[in-house]
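Below is one structure; the comments refer to it alone.
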Amino acid sequence: MQIFNSPLFGIFLTIITFVIGLEIQTKLNIKFLTPMITSSILIIAMLLIFKIPYSSYKNGADILTFFVAPATVVLAVPLYKNLEIIKKYFFPILIGCLIGICIGIFTAIILCNIFGINKEIIISMLPKSVTSAIGFEISQKIGAIMEITMVFIVFCGIIGYACADFIFKIFKIDNKIAKGVALGSCSHVLGTAKAIELGDIEGSVSTVSISISGIIAVIIIPLIIKLI
931 MQIFNSPLFG
941 IFLTIITFVI
951 GLEIQTKLNI
961 KFLTPMITSS
971 ILIIAMLLIF
981 KIPYSSYKNG
991 ADILTFFVAP
1001 ATVVLAVPLY
1011 KNLEIIKKYF
1021 FPILIGCLIG
1031 ICIGIFTAII
1041 LCNIFGINKE
1051 IIISMLPKSV
1061 TSAIGFEISQ
1071 KIGAIMEITM
1081 VFIVFCGIIG
1091 YACADFIFKI
1101 FKIDNKIAKG
1111 VALGSCSHVL
1121 GTAKAIELGD
1131 IEGSVSTVSI
1141 SISGIIAVII
1151 IPLIIKLI
C-alpha cells in the first residue's frame, strides 16, 4: 500500500505506539515496562502481522532519529537553573563519570571474555553507557555493529531508569550529586529522565554527566579497543 511507503507512516506509528506504551506503564505501574520496550514490541508485531517491509517503517523512523541530538538541548534547562552547584562540584562529577565509564567498559570486556563472546560483539557493547547520539558516532568510528550497540544503549537506559530507586535504597545513597552522576554516566538520557523525577539538582548533574561521559568515551574507547 502507498501509505506504508510514506515517511509519515513510520513517524505516526512510532508516536502512537509510544503513547500506548506510556499509558500501559501508567496503568500497570511496572517500571521495567517502559514505553520504549512496549512501543518496540508493538512496532515489530505490526510489521510482522501485516508483512510491512522494515525499510518502509525506517523511512519515517530515520526522521525521528535525526531529531534525537537536537532534542538533547532541552536538558540544558535544569542545567542552567543549577549552574552554580555544577561549578562547585565539577571535579567530583568529572571523576565520577570517568570511573563510571571505565567500570562499564571493563566489566563488559571481562564478562564477554568469560562467556567466550567474540571481539566484534564486545566492541559493539563498549559504547553502551553513552547517549544514543554519541553512541551512534562512536559505533561508526570503531567499526561496531550499529544495531547491537543501539540495543545495549537502550538496555542500559532501561535498567538504570527501572532500578535506580532500588539501588539507591539498598546502598543508602542519599547524596543528590552522587545520584545524578550515577544515572547520567551509566544510563544516559533515560537515566537523566529518572534523575529529573528525583529533583532539579539530580537532573542537572545527570545532564552534565551525559556530556562528560560522552567525551570520555569518545577518547578512551578507541584506545581500549587496541588492547583487546
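With the numbering used here applied, the sequence shown corresponds to residues 931 to 1158, in that order.
Just so it is clear, CB atoms sit at the ideal spot from N, CA and C, and this is done for glycine as well.
As the structure is a computational prediction, the values presented were derived from the model and not from experiment.
Within the same chain, show all residues whose beta-carbon is closer than 7 Å to that of residue i, passing over the 5 residues directly before and after it, in chain order.
i       : result
Ser1062 : Val998, Met1080, Ile1083
Ala1072 : One point to set straight first is that residue 1072 is Ile, not Ala, in the sequence displayed. Excluding residues within five positions, the ones whose Cβ falls inside 7 Å are Ile1053, Ile1151, Pro1152, Ile1155.
Lys1159 : Nothing can be reported for residue 1159, as the shown portion of the chain is limited to 931 through 1158.
Thr1122 : Leu1005, Leu1113, Gly1114, Gly1133, Ser1136, Thr1137, Ile1140
Pro965  : Phe948, Gly951, Leu952, Gln955
Ile1146 : Cys1027, Leu1028, Ile1031
Ile941  : Gly990, Ile993, Leu994
Leu977  : Tyr984, Tyr987
Keeping to the same chain, check which residues put their C-beta closer than 6 Å to that of residue i; ignore five residues upstream and five downstream.
i       : result
Leu1056 : Ile1035, Ile1151
Ile1075 : Ser1054
Cys1116 : Gly1030, Ser1059, Gly1090
Ile1064 : Gly1144
Asn1163 : No answer is possible for residue 1163: it lies beyond the span of the chain, which begins at 931 and ends at 1158.
Glu1014 : none
Leu963  : Gln955
If residue i and residue j are in contact, beta carbons under 8 Å, what's the gap, nearest whole angstrom?
i       : j       : result
Ser969  : Thr947  : 4 Å
Ile1088 : Leu1120 : 6 Å
Lys961  : Ala1092 : 4 Å
Val1148 : Ile1068 : 6 Å
Ile1039 : Ile1126 : Ile1039 to Ile1126, Cβ: 31 Å. No contact.
Ile974  : Leu943  : 11 Å between Cβ atoms; not a contact.
Considering only residues of the same chain and omitting the five flanking positions on each side of residue i, which have a CB-CB separation below 8 Å?
i       : result
Tyr1019 : Ile1107, Val1135
Gln1070 : Met1076
Cys1042 : Ile1051, Ile1052, Met1055
Alpha helix (DSSP H) segments (min. 4 residues) lying fully within the region 988–1029 = 998–1001, 1006–1011, 1013–1018
Cβ pair count under 8 Å reaching 3, the region 982–998 against the region 936–944 = yes
Should the region 1105–1117 be regarded as contacting the region 1136–1149, the criterion being three or more beta carbon pairs within less than 8 Å?
-> yes
Can you list the alpha helix (DSSP H) stretches of 4 or more residues lying completely in the region 1031–1079, in chain order?
-> 1049–1055, 1062–1072
Which runs of the alpha helix (DSSP H) fall wholly inside the region 1078–1139 and span at least 4 residues, in chain order?
-> 1106–1128
Where are the beta strand (DSSP E) runs, 3 residues long or more, that stay fully inside the region 944–980, in chain order?
-> none
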